[in-house]
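In what follows, a structure is listed as structure tokens, so that the remarks can point back to it.
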Amino acid sequence: MKRILLACSSGMSTSLLVSKMKEAAADEGVEAEIWAVAQDKAFEDIKKADVLLIGPQMRFLKGKFAKVAEEAGIPLDVIDPVAYGRVDGKAVLNKALQLIGN
Amino acid sequence: MNKFMGVLENVLLPIADKLNNNRYLSALRDGFMVALPLIIFGSIFVVIANFPFLDKVISESAYAKYQDALGPASAATLSIMGLFVIVGIGYKLTQYYKVDAIYGGVVALASFLILTPQVVEKVSGVIPTASLGAQGMFLGIFTAFISSELYRLFVQKNWTIKMPPGVPDAVSRSFSALIPITLTLTIFLVVRILFSYTPYDTVQNFIYTIIQQPLTHLGSGLPATIIAVLLIQIFWFFGLHGQIIVNSVFDPIWYALNDDNLKAFQAGTELPHVITKQFIDSFLVGMGGSGMTLAVVFLIFLIGKSRQIKELGKLGGPAGIFNVNEPIIFGLPIIMNPLVLIPWLLAPVVVAIVTYIAMSTGLVPRPAGVIVPWTTPVVLNGFLATGNAWQGGVLQAINFVIVAVIWWPFLKILDKNYYEKEKYESNSKAS
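As you go down the protein sequences, you meet chains A and B in turn.
Just so we're aligned, residue 1 is where the first sequence starts under the working numbering, counting upward by one.
Just so we're aligned, residue 103 is where the second sequence starts under the working numbering, counting upward by one.
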């Protein structure tokens, strides 16, 4: 079971992406728990996740999250803006799996 | 152009980073987030209590009774929102220092109450509710910052009573908070006493006169609003969440202005301000999100020819109705796209000016001070924000057309570019 956490300003726009990622995961037969939260809640939820992806519009928070992610021992990255704009669930899912894999 | 934008991004990213990773501004923003559900609860009941045409349908006394019955809902939340913001800031800031956060919240609250006037028209033992709302907002914010800093400093200096092992954890925790709390609150009591010898009488009065009034006066003007709006748009142009960045500075001012209007609305007197939290949230964002992109989605369905644009319309349309527009911003794309920079910056400024004029001339009622959830769709949003006035909804519809007209030529060029590229690609594939 892969646990993928997405964070943006209020968890609204990334939740759009989450539903697409869930579809992609089902298609590819990947067992994954994927959820989106507002950025301030991500600090708690990070403990339950295997990877943290942040929305590109919140990329200025990367430094702040990097510390927390390091403490939790999980990888993090900023979602590619193009994939984000296209709500490309498959691309973002693959990116997440690749990060967990490393 | 690309080089110029690269340079500008290098300037903006650190600013966004500084503003958002600043622990005080983070605590301030999160503090408002704590208060928001309560504020919205109160707003809903203000809207219900002032249901349109109800005063004409039922008798005057029945209407007064109806309003009295619902009054406590907003009196206990929206009108004294300062209290919740203060607890939120105190909690979040002490949490940042990894100190028992709930004590940080209550210390901030108690410190604020110590500095608050406790006399109304010579009756002592009472606290004027006005000072717990917008009037006390700035004092509350400063007090929460300072009290949390003092409290965590005393805790981290370990000036606490140590309990022998075997004492239950909850008990020893309450004792360990005792000395830091006592020290912090004593400092605020001394400050209160010192201020009673000044012409300002209370700290609240001092902060209100020296800082809050000039700042809100500045913030209530059109120039400051246009600057704020342009900043939001510029940050977004570089793909940064402009709303969150700019709000962390402007929210105290916009909420304070909002509350002034709410008081006047409930008292049935003239509303003092045009620029309020809801002026920004309903009339500049509540139309598909920052940049009012629902009008762009509409244009896409109207004139879009290229597959890319049409796909985007289907993707971004449903979310746009509820003012979520990241698919449009990143998908059109708006970010770093010089072609759409002009309408992106121009449309919100024009709409801000039109809305400001419509409200200051009295054509459209001013925002009533209720907070409308930001996901409320356009027209309904404007109707609720102006205290159930149909003119508010109509104004939003007019603004919608304005944005669409400004965007029209630019979207057409963009669409044509995409269309020709698609045609070229499918032709070259076929051959």
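Think of the CB as a built atom: it goes at the ideal place given N, C-alpha and C, for glycine as much as any other residue.
Does the Cβ of residue i have 16 or more other Cβ atoms within 10 Å, making it buried, or fewer, making it exposed?
i: residue 7 of chain A; result: buried
i: residue 27 of chain A; result: exposed
i: residue 501 of chain B; result: buried
i: residue 1 of chain A; result: exposed
i: residue 152 of chain B; result: buried
i: residue 240 of chain B; result: buried
i: residue 311 of chain B; result: exposed
i: residue 467 of chain B; result: buried
i: residue 271 of chain B; result: exposed
i: residue 170 of chain B; result: exposed
i: residue 284 of chain B; result: exposed
i: residue 277 of chain B; result: exposed
i: residue 400 of chain B; result: buried
i: residue 411 of chain B; result: buried
i: residue 360 of chain B; result: buried
i: residue 588 of chain B; result: Only positions 103 to 533 of chain B appear in the structure, and residue 588 of chain B is not among them; the question remains open.
For residue i, report the span of its alpha helix (DSSP H) as first-last.
i: residue 2 of chain A; result: Residue 2 of chain A -> not in any alpha helix (DSSP H); beta strand (DSSP E) instead, spanning 2 to 8.
i: residue 361 of chain B; result: 344 to 369
i: residue 170 of chain B; result: 162 to 177
i: residue 271 of chain B; result: 271 to 278
i: residue 324 of chain B; result: 324 to 339
i: residue 209 of chain B; result: 203 to 217
i: residue 413 of chain B; result: 409 to 423
i: residue 245 of chain B; result: 239 to 258
i: residue 307 of chain B; result: 305 to 309
i: residue 477 of chain B; result: First-last for residue 477 of chain B: undefined, no H or E at that position.
i: residue 125 of chain B; result: 125 to 151
i: residue 446 of chain B; result: 443 to 462
i: residue 92 of chain A; result: 89 to 101
i: residue 24 of chain A; result: 12 to 28
i: residue 312 of chain B; result: Unbroken run through residue 312 of chain B: none, as it is neither H nor E.
7 Å is my cut-off, CB to CB: does residue i come that close to chain B?
i: residue 19 of chain A; result: no
i: residue 64 of chain A; result: yes
i: residue 78 of chain A; result: no
i: residue 87 of chain A; result: yes
i: residue 40 of chain A; result: yes
i: residue 16 of chain A; result: yes
i: residue 12 of chain A; result: yes
i: residue 75 of chain A; result: no
i: residue 57 of chain A; result: yes
i: residue 60 of chain A; result: yes
Under the DSSP definition of a beta bridge, which residues are partnered with residue i?
i: residue 36 of chain A; result: A:6
i: residue 222 of chain B; result: B:225
i: residue 78 of chain A; result: A:54
Check whether chain A comes within 7 Å of residue i, counting only Cβ atoms and requiring the distance to be less than that.
i: residue 204 of chain B; result: no
i: residue 188 of chain B; result: no
i: residue 522 of chain B; result: no
i: residue 303 of chain B; result: no
i: residue 417 of chain B; result: yes
i: residue 328 of chain B; result: no
i: residue 527 of chain B; result: no
i: residue 383 of chain B; result: no
i: residue 429 of chain B; result: yes
i: residue 435 of chain B; result: yes
i: residue 426 of chain B; result: yes
i: residue 341 of chain B; result: yes
i: residue 115 of chain B; result: yes
i: residue 119 of chain B; result: yes
i: residue 402 of chain B; result: no
Taking residue i as part of the beta strand (DSSP E), name the residues at either end of that continuous run.
i: residue 54 of chain A; result: 51 to 54
Considering only residues of the same chain and omitting the five flanking positions on each side of residue i, which have a CB-CB separation below 7 Å?
i: residue 157 of chain B; result: 165
i: residue 481 of chain B; result: 495, 498, 499
i: residue 382 of chain B; result: 356
i: residue 43 of chain A; result: 68
i: residue 154 of chain B; result: 490
i: residue 398 of chain B; result: 430, 509, 513
i: residue 186 of chain B; result: 136, 137, 140
Quick one: what's got a C-beta closer than 8 Å to residue i's C-beta in the same chain, skipping five residues either side?
i: residue 451 of chain B; result: 328, 331, 332
i: residue 394 of chain B; result: 386, 387, 449, 450, 453, 501, 502, 505
i: residue 351 of chain B; result: 121, 127
i: residue 95 of chain A; result: 53, 77, 79, 80, 83
Sorted by chain position, which residues of the same chain lie with C-beta nearer than 6 Å to residue i's C-beta, five sequence neighbours on each side aside?
i: residue 34 of chain A; result: 4, 18, 21, 22
i: residue 414 of chain B; result: 433
i: residue 75 of chain A; result: 51, 99
i: residue 255 of chain B; result: none
i: residue 326 of chain B; result: 320
i: residue 249 of chain B; result: 209, 210, 213, 286
i: residue 261 of chain B; result: 281
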